[in-house]
Amino acid sequence: MGRYQRHHQWRKGEKHTEDDEESQTFLMEFANSGYYKRTSPKLLYILFLSFLSCSFILAPHLFSTNTTFSLLYSTMVENEGVAAEMDVNIPLCSSISNGTICCDRSSIRSDICVMKGDVRTHSASSSIFLYRSKDGSSLKNYVAGVVEENEEGETEELEHEKVKPYTRKWEKSVMDTIDELQLIAKKDALGMHHQCDIQHDVPAVFFSTGGYTGNVYHEFNDGIMPLYITSQHFNKKVIFVMLDYHNWWVTKYGDILSQLSDYPPIDFSGDKRTHCFPEVTVGLRIHDELTVDSSLMEGNMGIVDFRNLLDRAYWPRIQSLIQDEEREAQEKLSASLTSESPLEIENEVQEAQVKKPKLVIISRNGSRAITNENLLVKMAEEIGFDVNVLRPDPTTELAKIYRALNASDVMIGVHGAAMTHFLFMKPGSVFIQVVPLGTEWAAEEYYGEPARKLGLKYIGYQILTRESSLYDKYDKDDPILRDPKSVTKMGWEYTKKIYLDGQTVRLDLGRFRKRLVRAYDYMYHRLNKHPHIQSQ
Numbered sequence: 009m010g011r012y013q014r015h016h017q018w019r020k021g022e023k024h025t026e027d028d029e030e031s032q033t034f035l036m037e038f039a040n041s042g043y044y045k046r047t048s049p050k051l052l053y054i055l056f057l058s059f060l061s062c063s064f065i066l067a068p069h070l071f072s073t074n075t076t077f078s079l080l081y082s083t084m085v086e087n088e089g090v091a092a093e094m095d096v097n098i099p100l101c102s103s104i105s106n107g108t109i110c111c112d113r114s115s116i117r118s119d120i121c122v123m124k125g126d127v128r129t130h131s132a133s134s135s136i137f138l139y140r141s142k143d144g145s146s147l148k149n150y151v152a153g154v155v156e157e158n159e160e161g162e163t164e165e166l167e168h169e170k171v172k173p174y175t176r177k178w179e180k181s182v183m184d185t186i187d188e189l190q191l192i193a194k195k196d197a198l199g200m201h202h203q204c205d206i207q208h209d210v211p212a213v214f215f216s217t218g219g220y221t222g223n224v225y226h227e228f229n230d231g232i233m234p235l236y237i238t239s240q241h242f243n244k245k246v247i248f249v250m251l252d253y254h255n256w257w258v259t260k261y262g263d264i265l266s267q268l269s270d271y272p273p274i275d276f277s278g279d280k281r282t283h284c285f286p287e288v289t290v291g292l293r294i295h296d297e298l299t300v301d302s303s304l305m306e307g308n309m310g311i312v313d314f315r316n317l318l319d320r321a322y323w324p325r326i327q328s329l330i331q332d333e334e335r336e337a338q339e340k341l342s343a344s345l346t347s348e349s350p351l352e353i354e355n356e357v358q359e360a361q362v363k364k365p366k367l368v369i370i371s372r373n374g375s376r377a378i379t380n381e382n383l384l385v386k387m388a389e390e391i392g393f394d395v396n397v398l399r400p401d402p403t404t405e406l407a408k409i410y411r412a413l414n415a416s417d418v419m420i421g422v423h424g425a426a427m428t429h430f431l432f433m434k435p436g437s438v439f440i441q442v443v444p445l446g447t448e449w450a451a452e453e454y455y456g457e458p459a460r461k462l463g464l465k466y467i468g469y470q471i472l473t474r475e476s477s478l479y480d481k482y483d484k485d486d487p488i489l490r491d492p493k494s495v496t497k498m499g500w501e502y503t504k505k506i507y508l509d510g511q512t513v514r515l516d517l518g519r520f521r522k523r524l525v526r527a528y529d530y531m532y533h534r535l536n537k538h539p540h541i542q543s544q
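Residue numbers for the sequence shown follow the numbering used here, so the first one is 9 and each next one is one higher.
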C-alpha cells in the first residue's frame, strides 16, 4: 500500500469532521424545532421507506472490502496526524510495517519514500523492488489496483512509485537532469526473482550527487546537511547508495561520510549486483538553507550538533597536519637559536602572551573580488589582527579550510558560495559578509540568517553604489544602481549577469574600518579576559 502523507489529506480529514459536526448540529436543530411532532404518520411512513431503499442500495458499498479499508485508512491517517502534532520530532513515514511503501510528498523541496521488508536493487532498470510473499502483508489485498497472480504464477506488480532523490524538487530545470528511481512492490509467487548477490542487515539511504554538485554551497545545502538530517538517527548503521556517483565527491567528503556510516558507499549505476536490504529510504529530508531545525529532529539535534560532527570528521587530519608543522618548526627553531639574540627571543615570548584575534579573509578572483584587498589586509594588521588570506579552490582540502576557520575569530568574505564555510567557524565568532549590489536578499537568506542560527555574530556590510564597479559602468539614475530590486525581479539571468558575474568591489576602507574595529574589540575582550575560550 502506498501512503501519501500530503497536507491536503489532513485538510480533507478536517473537512470531513466539520461536515459531521454540521450535520449533527442540523439534526439537533431539526429535532428541537418540533418538526417531528407536527409531521403526519403518513409522511413518516414515506420517509421510512425512502431510508430503507437507500440502505439496500448503499449497503454493498458501505460494507465492501475497499470501502472498509478506506475508512480504516482515513482513521489511520487522522491518528498519524494527531501523533505528528503531539511529537513533531517524528517525520512522516518514519515508522511503517513490513511489506509497505510509504511516500511523503508534502515538502516543496524533496520527496521521501521508505520501503520496508524484502527490498532488492536492480540498477539495470533503475528500480528498487519490494517483494511480498504469497502470504505476506495483510494489507496487500486492499491496495487499489492490485493484480492477482496470472495463470503461470508469475510475479505481479502491486504498486509503483517514482522518485528523483534530490532536494530541489521545485526547480524543474535541474530535476530534469536527475535520474529517476522506480519503486515497485510485487507479490513473489515463486520466490526466484532478483536473487540477492549481497545481503545487508542494515538499512540504506538512496540519494543523488548530481544536480548542482560542484558548487560548495549546493554540496552542503542540497547534499551533506540533508544526508545528516536523514541518516544521523541510524547511528552509522546505514549504507549510502548514490546515483550520479562521483569518485571525487566521495574523496572530498569521505571524512564526513565516515561519521555518518560505518560502511563504504555504493555506486547504484556502476554496481550491477543485486543488493538486498531490510529497509531503504529514497531521497533526503531538508529543512532550510544551511540549517538543521532541531524541532524536526529526533533527539532535538541541531546545527551545532552538525558542526560538532564536522569537528570529529576533520580532527584526525588536522592533528596530522599539526604534527608535521611542529616537526618542521622544531627543525627551524634549532637552526635559529644560534642566530637570534636573547632579547629577540624574549620579545617573541612576550608577544605570544597577548592573544591577537585571528582574521581570515576569503579571497576571490574575478567577479565580486575585493580589488583593494591588499589595503584591507594592511588596515586589519594595523588594527591588531593576525591576518590569514585564504584562497580556496575546488581542489583545496576541506580539512585545511576547516582548520583555518575553526581557529579564526573573524571571517570576512564577499557574498558567494564560499561563504558556506561559515559552518567551519566556532559559535561566538564574527562573520562579516560583504554584500554587493543586487544580492541583499540572497546574502541574508542563504548565509546571514543561518550564521545566526549557528551562534555567530553576523555583520552584513551592504556596499554603497560607489563601492561597486557598476558605478563606473552605468548612469547614476540607472535602475541597476538606483533600484537593484527592480532588476532582480526581472529574473535570475539578469541577477547573475549583472550583479553576480558583472561586478567587483572596492571597499570604502574608512567606512569598513568601523565594522572591523567593532569585531576586533569584541574578540580581543573575549580572548584576553577569558583565555579558556580560545582553542587551537
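Backbone N, C-alpha and C fix where the C-beta goes; we use that ideal spot for every residue, glycine too.
Asked: Cβ contact check for the segment 204–216 and the segment 405–420: 3 or more pairs under 8 Å; Found: no
Asked: C-beta atoms of S135 and Q207 nearer than 9 Å; Found: no
Asked: Inter-residue Cα distance where the pair is Y530 and N243; Found: 38 Å
Asked: Rounded C-alpha distance that separates L431 from N396; Found: 18 Å
Asked: Environment of R176 [buried if 16+ CB atoms lie within 10 Å]; Found: buried
Asked: Residue interval of the beta strand (DSSP E) (run including H283); Found: 283–290
Asked: Short CB-CB distance (under 9 Å) between Y271 and chain B; Found: Of the protein chains in this structure there is only one, and it is not chain B.
Asked: Under the three-state DSSP convention, the category Q511 falls into; Found: coil
Asked: CA-to-CA distance, G468 to V525, given in whole angstroms; Found: 15 Å
Asked: Buried versus exposed call for Q140 [16 or more other C-beta atoms within 10 Å across all chains shown]; Found: At residue 140 the sequence reads Arg, which differs from the Gln that was named. Buried, by the Cβ-count rule.
Asked: Nonlocal neighbours in the same chain, by C-beta distance under 7 Å from A132, ignoring five residues either side; Found: K280
Asked: DSSP state of I109 mapped onto helix, strand, coil; Found: strand
Asked: Any non-hydrogen atom of the ligand COA within 8 Å of Y528 CB; Found: Absence of the ligand COA from the depicted structure is noted, as is the absence of any ligand whatsoever, leaving it without description.
Asked: Three CB pairs or more closer than 8 Å across the segment 390–409 and the segment 449–457; Found: no
Asked: D296 and G310 closer than 9 Å at C-beta; Found: no
Asked: Given V224 as reference, the closest of G499, I120, K465, Y454 once Cα atoms are compared; Found: Y454
Asked: Span of the beta strand (DSSP E) around H429; Found: Neither: H429 is in no beta strand (DSSP E) and is coded neither H nor E.
Asked: Ranges of the beta strand (DSSP E) found wholly within the segment 214–254, counting only runs of at least 3; Found: 247–251
Asked: Exposure label - H423; buried when at least 16 CB within 10 Å; Found: buried
Asked: Cβ-based neighbour list, R399, same chain, cut-off 6 Å, excluding 5 preceding and 5 following; Found: S371
Asked: Per DSSP, the bridge partner or partners of T129; Found: I136
Asked: E457 versus A412: straight-line alpha-carbon distance, rounded; Found: 23 Å
Asked: Segment contact flag, the segment 288–295 with the segment 110–124, C-beta cutoff 8 Å, min 3 pairs; Found: yes
Asked: Beta-carbon proximity check, I264 vs I232, cutoff 9 Å; Found: yes
Asked: Contact set for G125: own chain, Cβ-Cβ below 6 Å, skip 5 residues either direction; Found: N106, G107, L138
Asked: 9 Å Cβ cutoff met for M183 and K170; Found: no
Asked: One or two residues paired with E169 in a DSSP bridge; Found: L191
Asked: Exposed unless 16 or more other CB atoms sit within 10 angstroms - verdict on T403; Found: exposed
Asked: At least three beta-carbon pairs within less than 8 Å, the segment 489–505 to the segment 322–331; Found: no
Asked: Best match in W323, E336, P211 for proximity to I274 [C-alpha to C-alpha]; Found: P211
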